Amino acid sequence: VNAAELLVLLVVTAFIVGHLSPKYLFTSTTTTGGDTASHFYTLCYLRNVLLPDGQITGWTPGNYAGFPILQFYFPLVFLVMSFLSGILSLEVAFKIGTILGSLLLPFGAWAMLRLIRVPFPAPAIGAVLTLPFLFNAGNSMWGGNILSTLAGEFSYSLSLAISLIALGSLYRGALDDRHVVRNAILVFLVGFSHGYTLLFVVAMSGYLLIPPYGFVRRLFYLGKVYALAFCLLGFWIVPLLVFTRLTTSYSAA
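Going by this note's numbering, the sequence shown opens with residue 1, and the numbers climb by one from there.
Here it is as structure tokens:
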């Protein structure tokens, strides 16, 4: 990263933080708004009950006469929060975790453009252009923008930022026929933080198969990446898929 790009990333990050009431980030209070506060219980149960027993998912009696916590929701952001709670209070770790995706999205856009080798200053411009999306006030529930993040869609926000890095890395790896393990880990992180973004990455990576040359090689490359990613994610996603039939159906209509 050159000095100009670094400066842009710092300014964009400072701009985002400045609009998120930074004076409250390090107070030992619980974030409220939308579904956000309800997720604090998930963090507490993971940090205090599941992780000490060497588990990421498990049964909790805390609601619905008991339910399998973090089996049908995405654990990654809560694991990050649990790690942060080793150096910060649980409340502060929760707050930092909820805004992490919004802070990383400009970096994700910059990293993706760098990975596909778009020349300067395009990566820096890409980072700046995430701001209209982040501050879009058109919705507060569909994910990605700050309003949705503060309403409880913070897992989606983190996954969206990672997905941009994953797409750029997949492009570079498919061209060079390298970095299978790195890209599988990135795809795993995307899926471990949200399912919609995983579908987005899989669908968008199909553009790598469009060029008339190297189709078989790139198809084989993507097959290796996604097979390894599924193996990494399998311990969590296989039970999710098997027991989804036991969950309450959801209709957006």
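The beta-carbon is built from N, C-alpha and C at its ideal position, and this holds for glycine as well. Fair warning: this is a prediction, and the values are worked out from it, not measured in the lab.
query                                                                                                                                  : result
Range covered by the alpha helix (DSSP H) that runs through residue 239                                                                : 215–243
Three-state secondary structure assigned by DSSP to residue 56                                                                         : coil
Cβ pair residue 26, residue 77 closer than 8 Å                                                                                         : no
Cβ neighbour criterion (16 or more within 10 Å) applied to residue 205                                                                 : buried
Whole-angstrom distance between residue 128 and residue 109, CA atom to CA atom                                                        : 9 Å
Contacts around residue 158, its chain only, beta-carbon distance under 6 Å, and the 5 residues preceding and following it disregarded : 77, 100, 101, 193
For residue 107, the first and last residue of its enclosing alpha helix (DSSP H)                                                      : 90–115
DSSP three-state assignment for residue 254, whether helix, strand or coil                                                             : For residue 254 there is no data in the structure shown, the boundaries of the chain being 1 and 253.
Reduced DSSP secondary structure (H/G/I, E/B, other) of residue 39                                                                     : helix
Unbroken alpha helix (DSSP H) run spanning residue 176, endpoints                                                                      : 154–176
Cβ neighbour criterion (16 or more within 10 Å) applied to residue 48                                                                  : exposed
Residue 22, DSSP secondary structure in three states                                                                                   : helix
Where residue 130 sits in the DSSP three-state scheme                                                                                  : helix
Three-way DSSP call (helix, strand, coil) for residue 195 in this model                                                                : helix
Touch test, the stretch 181–191 against the stretch 219–237, Cβ-Cβ under 8 Å, three pairs minimum                                      : yes
Collapsed DSSP secondary structure at residue 85 in the structure displayed                                                            : coil
Cα-Cα separation between residue 201 and residue 80, rounded to whole angstroms                                                        : 22 Å
Own chain, CB closer than 8 Å to residue 168, minus 5 neighbours either side, in chain order                                           : 111, 112, 113, 114, 115, 116
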